[in-house]
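Protein chains in written order, with this note's numbering: chain A, 1 to 183; chain B, 1001 to 1183; chain C, 2001 to 2390; chain D, 3001 to 3390; chain E, 4001 to 4280; chain F, 5001 to 5280; chain G, 6001 to 6087; chain H, 7001 to 7087.
Heads up, the beta-carbon is just placed ideally off N, CA and C, and yes, glycines get one too.
A quick note: this is a predicted structure, and the numbers were derived from the prediction, not measured.
Read the structure below first, then the notes.
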Amino acid sequence: MERTEILISGFGGQGVVRLGQIFSIAAVAEGLFTTMLVSHGTETRGGYVRSQVVIDSSPIDSPVVEDPDYFCAMSKSAYSKFGSLVRKGTILYDPGYIVPDLSLLASQISISARDIAIEQLGQDIFANIVYLGVLGQYFKAYISREKLLEALTAKVPRAMGAKNVRAFELGYSLALSSMEDSF
Amino acid sequence: MERTEILISGFGGQGVVRLGQIFSIAAVAEGLFTTMLVSHGTETRGGYVRSQVVIDSSPIDSPVVEDPDYFCAMSKSAYSKFGSLVRKGTILYDPGYIVPDLSLLASQISISARDIAIEQLGQDIFANIVYLGVLGQYFKAYISREKLLEALTAKVPRAMGAKNVRAFELGYSLALSSMEDSF
Amino acid sequence: MKRLFDTGNAAITEGAILAGCKVFAGYPITPATEIAENMSRRLPHENGFYVQAEDELAALHICIGASLGGLKAMTATSGPGYILYADPYGWALGSEIPVVVLNAQRVGPVSGITGAPGQGEFYLSRYPTHGGNFESIVLAPNSVQEAFSLTVEAFYLAERFRMPITILADQIVTDGWESLLVPETEDEIKQMGLRIATRKINQGPEFYPATDEIDVPPVVLGHNTGAACSDWTPTSDGYDTEEVIWQHKHAYRLIYKVRNHQDILPHYEEIALDDNPDVILVAYGSPSRVVKSAVRAAREQGLKVGAIRLITLWPFPDKAFERSVKYLSVELNFDGQLVREVQRAMPKGSEVHFLGRCGELPKVTELVEAARTLINNQPLESIQWQREAW
Amino acid sequence: MKRLFDTGNAAITEGAILAGCKVFAGYPITPATEIAENMSRRLPHENGFYVQAEDELAALHICIGASLGGLKAMTATSGPGYILYADPYGWALGSEIPVVVLNAQRVGPVSGITGAPGQGEFYLSRYPTHGGNFESIVLAPNSVQEAFSLTVEAFYLAERFRMPITILADQIVTDGWESLLVPETEDEIKQMGLRIATRKINQGPEFYPATDEIDVPPVVLGHNTGAACSDWTPTSDGYDTEEVIWQHKHAYRLIYKVRNHQDILPHYEEIALDDNPDVILVAYGSPSRVVKSAVRAAREQGLKVGAIRLITLWPFPDKAFERSVKYLSVELNFDGQLVREVQRAMPKGSEVHFLGRCGELPKVTELVEAARTLINNQPLESIQWQREAW
Amino acid sequence: MDYLARKYLRGRKIPSSACSGCGLGQVHKKVLMAIDQIGLTTGDVVWGTGIGCSGRQTFNTWNGDNFAGTHGRVYAIATGLRLALPPSKKIILTVGDGDAFGIGLLHLLHAARRNVDMTVIVADNFGFQSTGGQYGLTTPDGSVTDSSPYGMRDPNWVQDGRDILDIVKGAGAGFLARHTSIEGQNAVESIKQAIRFKGFSLVHIIYPCVTNYFSKALGTRDPEVACRWLTERTNPKTEIEGLTIKTGIYPVTDGNRLEFSEQMQQITQAVQREKSNGAN
Amino acid sequence: MDYLARKYLRGRKIPSSACSGCGLGQVHKKVLMAIDQIGLTTGDVVWGTGIGCSGRQTFNTWNGDNFAGTHGRVYAIATGLRLALPPSKKIILTVGDGDAFGIGLLHLLHAARRNVDMTVIVADNFGFQSTGGQYGLTTPDGSVTDSSPYGMRDPNWVQDGRDILDIVKGAGAGFLARHTSIEGQNAVESIKQAIRFKGFSLVHIIYPCVTNYFSKALGTRDPEVACRWLTERTNPKTEIEGLTIKTGIYPVTDGNRLEFSEQMQQITQAVQREKSNGAN
Amino acid sequence: MANEAENNRRFKVELDEQACKACKYCLAACPRGVFVQADYFNEKGYRPVRVKAPDDCIGCKRCFFLCPDFAIDVEAATGEDANEKTV
Amino acid sequence: MANEAENNRRFKVELDEQACKACKYCLAACPRGVFVQADYFNEKGYRPVRVKAPDDCIGCKRCFFLCPDFAIDVEAATGEDANEKTV
Ligand SMILES: Cc1ncc(C[n+]2csc(CCOP(=O)(O)OP(=O)(O)O)c2C)c(N)n1
Ligand SMILES: Cc1ncc(C[n+]2csc(CCOP(=O)(O)OP(=O)(O)O)c2C)c(N)n1
Ligand code: SF4
Ligand code: SF4
Ligand code: SF4
Ligand code: SF4
Ligand code: SF4
Ligand code: SF4
Ligand SMILES: [Mg+2]
Ligand SMILES: [Mg+2]
């Protein structure tokens, strides 16, 4: 597997870090080298949160995502701040927060994670796990569904286990219609 | 006047610094450049105290006394610590504390300041001002008796003024019999 | 061997515990707080103690007191706390007491930016306290795995040199997540080249010998050895003295026990230097990861570029800079600190340049362009900003 | 003009009062205590205040608070107190508040020797706090007269650069007694080249402009200008921000307001350099007095020796070291600090050597012999003691 | 923005970046109500803050002059500022519990000893919250926090017979009071008395941190649950296990000491009088 | 040397380099008498000191293990040492008034809060004497010293209704007492109780500094004059102007708190017990 | 903002919906049920509380005291400033 | 040191004259005038106090309590250690 960069960003409390963490744990379990950088605005909640994940079959030098293959854009400010960074990759934006800027180079796919979470699971906090499922689809060749679910159940409170798995499945089976290129 | 170095040392409370200070104030009053370094053992009383005075008609570079022209040795430990430093100069030792080591290069003159102070003034604390008088004799050509007395009275408590002047006169008039060379 | 995905802070905690750390005293500060949190959870299981101190000054003094009683101890902070370590750090240097100090550098000065990386304490880690007359040992990890291994190494060196050892990390290394291998058996520990030293006790009567030898057991109180250690210049049996000759011997020992044993300290890493490159990038900590990517990217574009990655920052490895070449120091500060030591150590006829960023890592593209600019003998862009007035 | 015979500490007090110092907050420590004592006696007569703080950290913060309210302020300490200034020193750097800080260096590390001279804080005075991204201004007097004039100059520079200025003295300068001339009239002040700046008040709205210009009035609170200053990176109107772009501007200003105005800082002194001597002694502070005597003594013995005496230590005057020659750095420490900057700044083909003493000044004879040894291309004796094991 | 914010605060940081449900704003508002009811203007007050959530959310909200000190040091800066400001100018400091009762306690006690005219508002959220929620000096015994996963056992300043206000009173503070952020006008009245007091005054106000403290200690971020927990323990009629909060004015022995900057002026005047009539 | 010195002290620093007439030795001797009368040996006590006259004169006189901390920090070092030493080992600290009540007060109060088993002997000579005699936190109001040439007006910790022992008591100290160095066996009895007490104990002992304090404040270095001054003001029957010294045991509210290192051990054992019976 | 037209009320309750962080202190504290949480999101992504029944307000100012974000004004409708009169 | 021969005394007072710093606490405190200041100097340059009238000692131990330099021992002459019995 070549060096692949994933950028995930939104506002505090959306589980941006949790999403990157679960995905990475699954990658490590598959024997891949993985790095994740987390940065946020101010010390308190509410600022922007960004996590940069790099996955590679050989040791990773720079952990900085400079040319993301995938960008999970989960809030308006994240999209406007990092959208232009994506050149060859794909922006997976949540229409619940973002009106896409078509002048951007990257191909863009709408992932209505927040609405799916609210409609199917009653709370928007599961949107990040819907995204997990979507990423799972893109990386099917390298990271198995089992390893993703294993990592997911290990990381979420037991009481919320079922709803999280449900959210994952919804993302994993989401029709990515306007997806131009697929692995 | 050439660069002239005076070393004064004894134990805490003997007025080693006061002696150097009064002598220097008189020298400055005569328009001479003067430096004085003070160093002592530990922070508390009782350690050795040393003052190094340099006098010159032009600005002084090194304030360190490396080859004293005069060494007022006022205690046993001071004499044993610094006696060997004096080569071309004269050691003025107080026999009340010191048995002179004749193997030393320097010419040595006994100044029984402590005994004079006790016998004539009832207290050994005036020994340092007897030494002031002795130094006054050696520097007659450069520092007047008036400037020395002026500096003395300005620096000692008024109540002790008379006794201090008396101690100075005793030193100033002391027969320095074994004085080989004189200014 | 355990395969984990965790942060530098977690790796540091596991490394310390593997090395035998029994006391962690600290004070919360971003980005080092997680070490304290991990320790408060893990140490009780290892018969160890987590102490939350009233401030950083007390935190390092509490660690030193524990070490003085025979327990291995560690503290961790960032810039604003590191300067409050100066007093205890000096005490541990002078009394030769083993302790490990971690500084997760963030953007300064003052509170600067709390959650972003900086490298503003390069010189302060050499002179973390007043007075001079001592040498310092400072190790700089650039990954989660190395944060683990250098923490184990720091405890090892602290015992052998009986002195404080600084781990100079930055926010990317402590907060960053990476795959991490943790040994579970003695063999695995050896395989990973990890070194662990057990605490010996100085039985006296000579507690402060005027020698440059290491492996002199530290003073440990409570074993009735009649040991004495203080903030004053010590005689060989530990009395306080104001004599210059004892101070001279004390300085000789504090300086040369380190300078005469640099061979056992971790060595710097050379990257693509075999073909005498035109430009050598110099870095430590997280920027060195981007530097490695930049060397590969530059080589792909036909630029003869290499790199030197420092691991032991102090004593500064002069012998790494024997080549006469253009050096480019890449640092997370704007005033340029590492660059001055490269300029001092490099042979005459070479050039030194500086690329400073702060609060974010430089981009691979930026470093490749900088190398190209130098190869073409043009001035670096970063120097222009001096004339820019916003 | 008054002709006095007094100590460096007395001269510093008079210089501060002449410059308009109204608040001295300090904590007792040898050898700086006498400044506090003089201030407690003199300031009430000048409508000023002496405050004895609970520790050095509070002392410099109290000075900064007074300056923040519009009063010129100063504090003084030695090594063990200077490290406790790191937190407030950083605050004054970041908030650009004028204040004068004196460090009377004594022998270290830790409590070392209290009443003897050292020069262990050369690098610490450049990096007195964490975080980097700033330049420092450090002045080093070598006599009682210069302690007086550089204290006046420090207050002047503090106002124009609106930042803390460090006077790096040593125990010989502060405790030494010398003849001292003190001006009594405006003309005499001008004759002696003394510069005094009055305190201006920043009316906003731009309190932190991203410019390298000096003479930007400092923030003063209590005049209802709506001013804001903090420990965080400031926007131009003083808000706290975590944005990297503002941090970049803040760093640019803290570095380049100093680097781009070095011309108004006191220049180094050159001694007997006209005939391109074989050896140049380099020193600051009290050792430089012995160096001057040694140059004359060496010349008398036919040795072509000169000297460079630094007055502004930081920013380090690289241009003083443009000659290709053998340099010998004479310092009051054993680890060698000034020597590293000479090695960094000197041109190719020159050599640098180090002669370290501590707790006492070197002898003139020792320096002359060292110069002779270097002229004869032999190794310096001081390097041998590394191998000596007592 | 309400009328208080429009009258006294700068728009840019209102509403603050505090979490939803954070009680800090309630503390902030009570201080502004006290200032408003005394009739002070922005020019009458220099506002200082510590760091952390309390510092970050109140710094540069005041439309007059203001400053933020480093952790625990604002009391020393204010002491120096006091010497330079005219006595009429008020100094009001909003700080955190860690700032005042942890790292800054030495400077706070010495400011009280010197009776420096300042009003310290300690916004107590039961620990170091801006660094992620570690226990502090007022965290209720047994609480689970990020740095006490097995329940906090470190003796605090507010239980087991200890009361930090006792210590501050012993240092010489002239006016002390304790309230919670969810109390009403009675808390505002205490703050008014503190601001009016000519010397060192301190008001300890406990407010709910829902994101860190209450979410870990009570397992919920719901502000209502936090309010109920606080109300139950404030001046409880019945015996209740764990922390109880007695609010109101905390009696001090003698409130009319000479103020610090006045005492300093008196020394200067006495010395100059003595010199002028040639006494020495 | 007398029998106490022969039994417990090292010859090299006895007699100390203290000035003639300095009362520090009297404090030092009372501590040794207490140790002797309890029946402790040099192996039972680790002795720590501050710096200054009190530190310099007592450091490395104890023939067992001993250490000297930097100014004001020995309480923090002792806290760490407490974790490593067996509970039976006593920690005794001899420190100065500036060390304990000035720069070191934050660490001292937090050591008391944690109830760390140590005995702090504060040797109070009314100021910073080793640095030449500046006024300190216990210097009597109005005293002329090197840093108060016009008479000290800075409020201290021991007059005007303030008592530093009140503050230390508020912090949680388990045993407190005050004596002067010229008192007799009653002072030794208090020190014995302090050493026996399992937790934080402090004995404040005032002694005459003849060289700096009394020479400037009373114009004489004569120890007898200093003794008379102290005796007049110790437990005075009649009203007397200025500082008075009430000696004896200073009542604390509750003396039987869990000791710091015991509490730490309990956490470790509780956590390991819970883990072993698979609770989490 | 609340509707200006209803001027026969004794108290005017205004709630700044963009400043609101949906903490619902006001909602829980109001004895008259004047508030309700909206179903739309404000700029910051919170579903703000809005004034549902302004007429029922009795001017107790509990909401004003408890709102951490300076988002609620309660004034006596008759123009004379109700804020001075304390509860 | 005090003369060993006088063994019919109830208390033995020993004074280490080299350790003495002539502070005269003992001299002032002794109710029986047992001490006097010598006219010679000891090594350190002090004129030490010496035991003038050992017989008059009543073992009150005031001198022992007040001597800052561990220079005085007061023991019951009958060998049984007087120090245990406190004043
Ligand atoms: C010397 C120093 N140590 C640590 C920190 C890190 N720090 C930043 S905010 C904070 C929390 C302070 O707690 P508190 O004063 O209670 O404020 P809160 O965040 O709880 O409102 C800390 C410890 C710092 N800024 N400076
Ligand atoms: C951080 C620091 N500040 C100042 C000093 C200087 N200093 C040395 S001894 C001393 C006096 C301390 O007074 P106290 O504790 O009362 O001891 P004393 O000398 O009076 O016995 C001081 C301030 C120091 N050693 N360290
Ligand atoms: S972390 Fe707690 S105290 Fe800080 S802003 Fe959030 S709720 Fe308020
Ligand atoms: S200065 Fe005072 S306290 Fe210090 S040794 Fe001398 S008499 Fe004792
Ligand atoms: S003032 Fe009282 S009744 Fe009116 S809206 Fe607010 S809480 Fe409800
Ligand atoms: S109290 Fe204020 S911030 Fe909270 S829901 Fe009500 S209006 Fe919104
Ligand atoms: S024990 Fe009492 S009577 Fe005997 S010498 Fe001592 S003071 Fe005098
Ligand atoms: S009390 Fe002790 S030191 Fe003082 S005079 Fe008597 S024997 Fe000598
Ligand atoms: Mg808090
Ligand atoms: Mg003292």
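At a cut-off of 9 Å between C-beta atoms, F/Phe5200 does not count as an interface residue with respect to chain D. Ranked by Cα distance from F/Asp5002, the first of H/Gln7037, H/Gly7059 and H/Ala7019 is H/Ala7019.
For a Cβ distance threshold of 8 Å, nothing in chain A lies close to C/Lys2348: the least Cβ distance comes to about 32 Å. Residue environment: C/Gly2131 is assigned as buried (16 or more neighbouring CB atoms within 10 Å of its CB, all protein chains considered).
The alpha helix (DSSP H) runs of length 4 or more contained entirely in the stretch 3310-3386 of chain D are, from start to end of the chain, 3338-3345, 3364-3375 and 3381-3384. Around the beta carbon of H/Asp7073, 16 or more other beta carbons lie within 10 angstroms, which makes this residue buried. When Cβ-Cβ separations below 9 Å define contact, H/Pro7068 makes contact with chain F.
For C/Ser2111, the neighbours in chain E by C-beta distance under 8 Å run, in chain order, Ile4051 and Thr4070. In the DSSP assignment, C/Asn2103 forms a beta bridge with C/Thr2077 and C/Leu2168. Exclusion of F/Gln5057 from the 8 Å shell around ligand 10 follows from its C-beta lying no nearer than that to any non-hydrogen atom of the ligand. Remark: the shortest separation between the CB of H/Lys7061 and any heavy atom of ligand 7 falls under 8 Å. D/Glu3121 is positioned such that its CB atom lies closer than 9 Å to that of D/Gln3105. By the CB criterion at 9 Å, E/Leu4024 and E/Gln4057 fall inside the cutoff. Positions of the beta strand (DSSP E) runs, each at least 3 residues long and wholly inside the stretch 2174-2225 of chain C, are given as 2177-2182 in order along the chain. Using beta-carbon distances, D/Ile3035 does not count as an interface residue toward chain B, since no partner is under 9 Å.
Close CB contacts of D/Ala3227 within its chain, under the 8 Å cut and outside five residues either way in sequence, are with Asn3202, Gly3204, Phe3207, Val3219, Val3220, Leu3221 and Gly3238 (chain order). The stretch 4112-4127 of chain E makes contact with the stretch 4210-4220 of chain E, as at least three CB pairs between them are under 8 Å.
Where C/Trp2246 is concerned, the enclosing alpha helix (DSSP H) starts and stops at Val2244 to Arg2259. By DSSP's assignment, F/Leu5009 forms a beta bridge with F/Trp5062. Collapsing the DSSP output to three states places E/Glu4259 in coil. Within the stretch 76-101 of chain A, no residue has a Cβ lying closer than 7 Å to any Cβ of chain C. One Cα belongs to E/Ala4034, the other to E/Gln4269, and the distance between them is close to 35 Å.
Of all residues in the stretch 3162-3173 of chain D, none is placed with a Cβ closer than 8 Å to any Cβ belonging to chain C. Within the stretch 2255-2312 of chain C, complete beta strand (DSSP E) segments of at least 3 residues are found at 2269-2271, 2279-2283 and 2305-2309, given in chain order.
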